[in-house]
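Chemist:
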Amino acid sequence: MQKILGLISILIPTVLTILIINFLFDIVSLKIQGMPLVFPFLVCPIGAIIGFVGYKMNRNKLPLVGLVFNIILFVFPILYNIVVILTQGA
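When we follow this note's numbering, the leftmost residue of the sequence shown carries the number 32, and every step to the right adds one.
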């Protein structure tokens with residue numbers, strides 16, 4: 032059970048990262064426009080909670096990596112918006 036929680040906490044930000052990379056570089060044309068930059072606000076807290084619970088159950092590296100990855104991905108859209116506004120204007 033602990034290993035499954037760790038894998039889920041890593042799988043969530045991995046899928047979101049793939050969607051964000053696709054959004055930035057338009058690898059595959061999808062009609063979801065800006066949603067990949069909104070998804071982390073909704074899904075990463077859930078992944079962080081799953082990672083935290085998995086880490087509390089069994090103190091190994093997998094849920095901890097998932098927890099950190101979720102936190103970093105939660106902050107990324109905020110930093111992206113700040114950088115884009117500063118470089119390209121409003």
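Ideal placement from N, C-alpha and C gives every residue a C-beta, glycine not left out.
So the alpha helix (DSSP H) Gly37 belongs to, where does it begin and stop?
Modeler: As a working mapping, residue 37 is identified with position 6 in the sequence shown. Looking at the DSSP string, the run of the alpha helix (DSSP H) that includes Gly37 is Gln33 to Phe56.
Chemist: From this set, Leu47, Gly78 and Pro76, which residue's C-alpha is nearest Ile63's C-alpha?
Modeler: Counting from 1 along the sequence shown, the entry for residue 63 is found at position 32. Cα-wise, what sits closest to Ile63 is Leu47.
Chemist: Once you ignore the five residues that flank Met88 on each side, which residues in its own chain have a CB closer than 6 Å to its CB?
Modeler: As a working note, residue 88 is residue 57 in the sequence shown. Answer for Met88: Gln33, listed in chain order.
Chemist: With a threshold of 16 other CB atoms inside 10 Å of the CB of Ser40, please say whether the residue is buried or exposed.
Modeler: To locate residue 40, count along the sequence shown from 1; it is residue 9. Per the 10 Å Cβ criterion, buried.
Chemist: What's the gap between the Cα of Ile49 and the Cα of Leu36?
Modeler: On the sequence shown, residue 49 is found 18 positions in, with the first residue counted as 1. On the sequence shown, residue 36 is found 5 positions in, with the first residue counted as 1. Rounded to whole angstroms, Ile49 to Leu36 spans 20 Å at the Cα level.
Chemist: Is the separation between the beta-carbon of Pro67 and that of Leu104 shorter than 8 Å?
Modeler: One-based indexing of the sequence shown puts residue 67 at position 36. One-based indexing of the sequence shown puts residue 104 at position 73. No. Outside cutoff.
Chemist: May I have the straight-line CA-CA distance separating Leu93 from Gly82, to the nearest angstrom?
Modeler: Your numbering for residue 93 matches position 62 in the sequence shown. Your numbering for residue 82 matches position 51 in the sequence shown. When rounded, the distance between both Cα atoms is 8 Å.
Chemist: Quick check on the DSSP output: the alpha helix (DSSP H) that includes Leu104 runs from which residue to which?
Modeler: Position 73 of the sequence shown holds residue 104. Counting along the chain, the alpha helix (DSSP H) containing Leu104 begins and ends at Lys92 to Gln119.
Chemist: For a test of the three-state rule: what should DSSP assign to Gly78, helix, strand or coil?
Modeler: In the sequence shown, residue 78 corresponds to position 47, counting from 1. Three-state DSSP puts Gly78 in a helix.
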